[in-house]
Amino acid sequence: MPVIVASAAIVATAFATLFNNNVAALPTEVGVTNDATSLTLLFQNNLNVTDDVNHVGAILLDELPYAKAGLACTAIGESLITWETLEAHRYDFERQLAYQSFIGNAKPVQRYYISNGVISATQEAGSLQIAAQPGRDIALPVLCTQSSNSNSVYAPATSSNKVIVKSGSNTFIGHRNQKSFRFLGIPYVAFPGRFQYSKYPSAPSGLVDATQYRKQCSQPWQAEGTTAEDCLFINIQTPYIPKSGSTKRLRPVHFWIHGGGYTGGTGNDPGSDGGNLASREDIVTVNINYRLSTLGFLAIPGTDIKGNFAVSDMIAALKWTVDNIAAFGGDPTRIVINGESAGGCSTRVLLGSRPAIEYFQGAISMSNLGFGYALGIGYSYAGTYSDYPTIQGSYDMAGQQIFTALGCTQTALEDQIACLKTKDPLSIVTASTVARYIVQDGYYVDTPILDVAGKHGGAVANVDVIMGITRDDGASFNTYPKTPVNSISEGLQIGLGINAVNAQKVIDSGLFPSPNTGDFTKDSYNISTRIATDLQFRCVDQATSFAGDATNAFKSVHYYQMDRTYSGYDPNNLGGPAVTPGYPKGNPNLPYYRIHGSDMPNVFANIEGYRDENDLKTIQVSSGLFAEFVKRGTPNVAKRAEDGVRSEARMDRFY
Numbered sequence: 070m071p072v073i074v075a076s077a078a079i080v081a082t083a084f085a086t087l088f089n090n091n092v093a094a095l096p097t098e099v100g101v102t103n104d105a106t107s108l109t110l111l112f113q114n115n116l117n118v119t120d121d122v123n124h125v126g127a128i129l130l131d132e133l134p135y136a137k138a139g140l141a142c143t144a145i146g147e148s149l150i151t152w153e154t155l156e157a158h159r160y161d162f163e164r165q166l167a168y169q170s171f172i173g174n175a176k177p178v179q180r181y182y183i184s185n186g187v188i189s190a191t192q193e194a195g196s197l198q199i200a201a202q203p204g205r206d207i208a209l210p211v212l213c214t215q216s217s218n219s220n221s222v223y224a225p226a227t228s229s230n231k232v233i234v235k236s237g238s239n240t241f242i243g244h245r246n247q248k249s250f251r252f253l254g255i256p257y258v259a260f261p262g263r264f265q266y267s268k269y270p271s272a273p274s275g276l277v278d279a280t281q282y283r284k285q286c287s288q289p290w291q292a293e294g295t296t297a298e299d300c301l302f303i304n305i306q307t308p309y310i311p312k313s314g315s316t317k318r319l320r321p322v323h324f325w326i327h328g329g330g331y332t333g334g335t336g337n338d339p340g341s342d343g344g345n346l347a348s349r350e351d352i353v354t355v356n357i358n359y360r361l362s363t364l365g366f367l368a369i370p371g372t373d374i375k376g377n378f379a380v381s382d383m384i385a386a387l388k389w390t391v392d393n394i395a396a397f398g399g400d401p402t403r404i405v406i407n408g409e410s411a412g413g414c415s416t417r418v419l420l421g422s423r424p425a426i427e428y429f430q431g432a433i434s435m436s437n438l439g440f441g442y443a444l445g446i447g448y449s450y451a452g453t454y455s456d457y458p459t460i461q462g463s464y465d466m467a468g469q470q471i472f473t474a475l476g477c478t479q480t481a482l483e484d485q486i487a488c489l490k491t492k493d494p495l496s497i498v499t500a501s502t503v504a505r506y507i508v509q510d511g512y513y514v515d516t517p518i519l520d521v522a523g524k525h526g527g528a529v530a531n532v533d534v535i536m537g538i539t540r541d542d543g544a545s546f547n548t549y550p551k552t553p554v555n556s557i558s559e560g561l562q563i564g565l566g567i568n569a570v571n572a573q574k575v576i577d578s579g580l581f582p583s584p585n586t587g588d589f590t591k592d593s594y595n596i597s598t599r600i601a602t603d604l605q606f607r608c609v610d611q612a613t614s615f616a617g618d619a620t621n622a623f624k625s626v627h628y629y630q631m632d633r634t635y636s637g638y639d640p641n642n643l644g645g646p647a648v649t650p651g652y653p654k655g656n657p658n659l660p661y662y663r664i665h666g667s668d669m670p671n672v673f674a675n676i677e678g679y680r681d682e683n684d685l686k687t688i689q690v691s692s693g694l695f696a697e698f699v700k701r702g703t704p705n706v707a708k709r710a711e712d713g714v715r716s717e718a719r720m721d722r723f724y
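Last residue of the sequence shown? That's 724 in our numbering, and every number before it is there in order.
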């Protein structure tokens, strides 16, 4: 459960003095509220984690008279920044302050209070300089130091880096690290109970400690004590906190839905932490937890257990975001949902869910699974994600099997359900059979597919959409032969789980030529990977994209394929590119599989070390394109450049 602080004392003397003692009662160790000023975290983030130590940040406050400028910095545990610091990091601060001017947060020629003086800056390179001191009662923006220098997503909250944000009846204590303000483990609803739907609003009110991650949802293969059934939390990273009650300069919102096959995953994953994206791209990022496995998806015909509990969680999190994100600097009218794998499937579900459609303005579906009907394969694993069975259909696959696995073998169904409700959550999600199917429950989902062609009377969100895959998504789902094979046909049969007749059809078609390396095992696996990628990933979303465009179901639609990727889901132990002299982390210029989930750094820019200089360039560009879509509904890089000096300031900021 989140820590709800029931009482508080008066904040530090500097803060009370600064704002004439007109502040709410707060814990004495808290750094600052946003009652009287916005806070903008400035950091020239080039996404090179090894270079972070060479950069210094600052915190920009609203206009204040000089007499109060120092107190304002003291109130957040900082001091007025010195000219020596600015001069030592001139490149960084010229670009950061030029960007503030570009977005309208500063005048074309803007003066700022610093330690013992004033500086001025424009959008021109080399413009940062000491300026004449105005009258001391003249209000100017204030530049404070930024002493939170850890770039770790696990950087702890301290007495000097905490920050308070109020929204509705809640007050949230977060903190900052080197790159963003962070609010972690916020309950977006009260836990509704097992096999009950999330109801918004229902989260507890009061003072919420949002300085650390809470437990991820119950799932297998996690450390003891790190999961719980009560897990409906949201994490926020933001570069900007507006003045309390202000809606000025709100940033677009990236709303992330994690993957994991609906049986695993978490919004706490450091690989999808939004701090880098928020810092570099000046957007607000949101990551959520939702219930998994049988706890999130069990559906039983003729009962109130109709499945899609996880979908109700996602929609409740969206509603919470719409109602509260402005307090954290996010624009509730510019929310883009995004997910990968099962998260990409969730994006598709929400695109067609009537209760969800009004709460977002764009959608990204990465490596969604679907189709899978070909070569005698029938209803494949992938097909269960983009085709939504009836409640009965889901129950046939994961109903009585679950009861049996958990020893709930009573004669009456109601007794079986009562038995299941007594079981430990971990035993439920680790059972030999679990529920993981989006179903047609008649409320959250009322069509068998995302109905872009309008054949099922379904609703579709008319928003901007991106769909796409990694080049070899299917390599994570076909089978690499355990022993060498003696023919292409044999390898295809093993890799795809098809018979000899269908394997020969593939060969005879000429559509999937062999690399002809002389190694039947590798050659056949390359062919089966191409087919598995098309069958389980490419075809479903290309078909959806074309149909959504042809019918105008989507406002706009874009499709991509990632050809430069990193580590991902690798059950076949394929590994990355080979290590060669000069490439201790692998040589990306050599052949390697672009497996499922290996494109996450292309969105979030979280990667520890680079294989070569092009890795850094790639994530700078690719994360920027995704962020551009969040901002403007198009990944078109041309829109990142406007005209004249503005484009220079902007491009320097982003690239």
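Using N, Cα and C, we set each Cβ at its ideal position, and we do this for glycine too.
Beta-carbon proximity check, residue i vs residue j, cutoff 8 Å
i, j, result
"P134", "S287", "no"
"S229", "S221", "no"
"H323", "G344", "no"
"D542", "S436", "yes"
"L604", "A443", "yes"
"G412", "G330", "no"
"V355", "I433", "no"
"F366", "A504", "yes"
"S341", "W325", "yes"
"L209", "V187", "yes"
"T502", "A467", "yes"
Start-to-end residues for the beta strand (DSSP E) that takes in residue i
i, result
"F250", "F250 to P256"
"T409", "Just to set this straight, residue 409 is Glu in the shown sequence, not Thr. First-last of the beta strand (DSSP E) with E409: G399 to E409."
"S691", "Taken as a continuous stretch (DSSP letters only), S691 belongs to no beta strand (DSSP E), being part of the alpha helix (DSSP H) at E682 to R701."
"V211", "L209 to T214"
"L197", "That residue, L197, is in no beta strand (DSSP E); it is neither H nor E in DSSP."
"W325", "R320 to I326"
"G344", "It is not in any beta strand (DSSP E) - G344 instead sits in the alpha helix (DSSP H) that spans G344 to E350."
Counted within 10 angstroms of its Cβ, other Cβ atoms place residue i as buried (16 or more) or exposed
i, result
"D510", "buried"
"T634", "buried"
"L95", "With a pLDDT of only 44 at L95, under the threshold of 50, the placement of this residue in the model should not be trusted; the figure read from the coordinates follows. Answer is buried; the Cβ neighbour count reaches 16."
"H665", "buried"
"N658", "exposed"
"N705", "exposed"
"T371", "The sequence as given places Gly at residue 371; Thr does not occur at that position. G371 comes out exposed."
"G294", "exposed"
"A78", "The predicted position of A78 is uncertain, since its pLDDT is 34 and thus under 50; a value taken from the coordinates is nonetheless stated next. Exposed: under 16 other Cβ atoms inside 10 Å."
"K551", "exposed"
"E132", "exposed"
"S311", "It should be noted that the sequence gives Pro, not Ser, for residue 311. By the 10 Å Cβ count, P311 comes out buried."
"Q285", "buried"
"A190", "buried"
"L580", "exposed"
"K176", "exposed"
"V690", "exposed"
"I145", "buried"
"E153", "exposed"
Residue range of the unbroken alpha helix (DSSP H) whose run includes residue i
i, result
"Q630", "Element bounds for Q630: not the alpha helix (DSSP H) but the beta strand (DSSP E), S625 to M631."
"D618", "C608 to A619"
"F112", "Per DSSP, F112 belongs to no alpha helix (DSSP H) and is neither H nor E."
"E483", "L482 to K490"
"S578", "A569 to S578"
"V648", "Where V648 is concerned, there is no enclosing alpha helix (DSSP H), given that its DSSP letter is neither H nor E."
"S381", "F378 to N393"
"A157", "W152 to A157"
Contacting residues, own chain, Cβ-Cβ under 7 Å from residue i (five flanking each side not counted)
i, result
"T780", "This structure cannot speak to residue 780, because the chain is shown only from 70 to 724."
"D632", "R540 and R663"
"A696", "L346, E350 and I352"
"K654", "G678 and R680"
Proximal residues to residue i (C-beta, below 6 Å), its chain only, five neighbours per side dropped
i, result
"Y629", "G537"
Other residues of its chain near residue i: CB distance less than 8 Å, five sequence neighbours each side excluded
i, result
"T687", "R633 and N671"
### Query
Can at least three beta-carbon pairs, one atom from the segment 396-405 and one from the segment 303-310, be found at a separation below 8 Å?
yes
Original post:
Is there contact between the segment 159-168 and the segment 139-146, where contact requires at least three CB pairs shorter than 8 Å?
Top reply: no
Can at least three beta-carbon pairs, one atom from the segment 331-338 and one from the segment 471-482, be found at a separation below 8 Å? no
Any 3 or more C-beta pairs closer than 8 Å across the segment 346-354 and the segment 244-260: Using a C-beta cut-off of 8 Å, the segment 346-354 makes contact with the segment 244-260, since at least three inter-stretch Cβ pairs fall below that distance.
Notebook entry, point to check: Is the segment 674-691 in contact with the segment 111-121, if contact means three or more CB pairs nearer than 8 Å?
Noted result: yes
Q: Report yes or no: do the segment 448-467 and the segment 548-563 share at least 3 C-beta pairs separated by less than 8 Å?
A: no
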